[in-house]
Structures are given as structure tokens and as C-alpha cells.
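**Student:**
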Amino acid sequence: MIRKFIDCRDMPGVKCTVAIFAETEEELLEAALQHAVGAHGCKDTPELRERLRSCFKIEKRRASYS
Ligand SMILES: [Zn+2]
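If you're matching positions, the sequence shown starts at 13 in our numbering and goes up one per residue.
#1: With DSSP as the reference, identify every bridge partner of lysine 83, one or two as the case may be.
#2: Of all the options Val49, Val30, Ile70, which has the alpha carbon lying nearest to the alpha carbon of arginine 61?
#3: Does the Cβ of alanine 44 have 16 or more other Cβ atoms within 10 Å, making it buried, or fewer, making it exposed?
#4: Taking C-beta to C-beta, are isoleucine 18 and phenylalanine 68 nearer than 8 Å?
#5: Would a C-beta distance cut-off of 8 Å place lysine 16 and alanine 34 closer than the cut-off?
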């Protein structure tokens with residue numbers, strides 16, 4: 013299953029190296045919101061949700077050599 017993720021390093025002005033992964037955008041948005049609010053003191057606003065959503069990326073599958 014390919015997951016989506018958000019990397020805190022992509023957020024401007026944020027010194028944080030946390031990355032959050034989830035299979036659906038809804039799950040990812042919820043987890044990212046909790047992180048932004050809890051770890052960065054952000055306010056849960058529609059603007060924040062939009063900003064987070066715009067940073068979502070698709071996880072690249074790693075080739076398996078086993
Ligand atoms: Zn962070």
C-alpha cells in the first residue's frame with residue numbers, strides 16, 4: 013500500500029524533522045493537525061488545514077532486494 017506523508021521540514025520557518033505517514037488524506041490531515049497544534053502551538057484553522065494539505069506527498073516505494 014502506498015502511503016501519503018507530510019514532512020515537517022517542508023514547512024517554512026519550522027525547525028522540526030518529524031514526518032507523518034498515513035494511507036488516507038483524512039488520517040494524514042488529522043495526524044498532521046494534532047502534531048501542528050500539539051508540537052508547534054498552531055491553531056486549528058481552515059488555513060492551517062489547507063497549508064498542511066498542500067504539503068502532502070506520495071511515499072516512494074523502496075525496491076526490495078530480499
Ligand atoms: Zn513538526
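We treat Cβ as the ideally placed atom computed from N, Cα and C, and that holds for glycine.
**Tutor:** Once the coordinates are examined:
#1: In the structure displayed, the chain extends from 13 to 78; residue 83 sits before or after that span and is not available.
#2: Position 49 of the sequence shown, counted from the start, is the residue given in the question as residue 61. It is Val49.
#3: One-based indexing of the sequence shown puts residue 44 at position 32. Classification for alanine 44: buried.
#4: As a first step, residue 18 must be located in the sequence shown, where it is residue number 6. As a first step, residue 68 must be located in the sequence shown, where it is residue number 56. In this structure, phenylalanine 68 lies closer than 8 Å to isoleucine 18 by Cβ.
#5: Numbered from its first residue, the sequence shown carries residue 16 at position 4. Numbered from its first residue, the sequence shown carries residue 34 at position 22. Yes; because the gap between Cβ atoms is below 8 Å, this pair is in contact.
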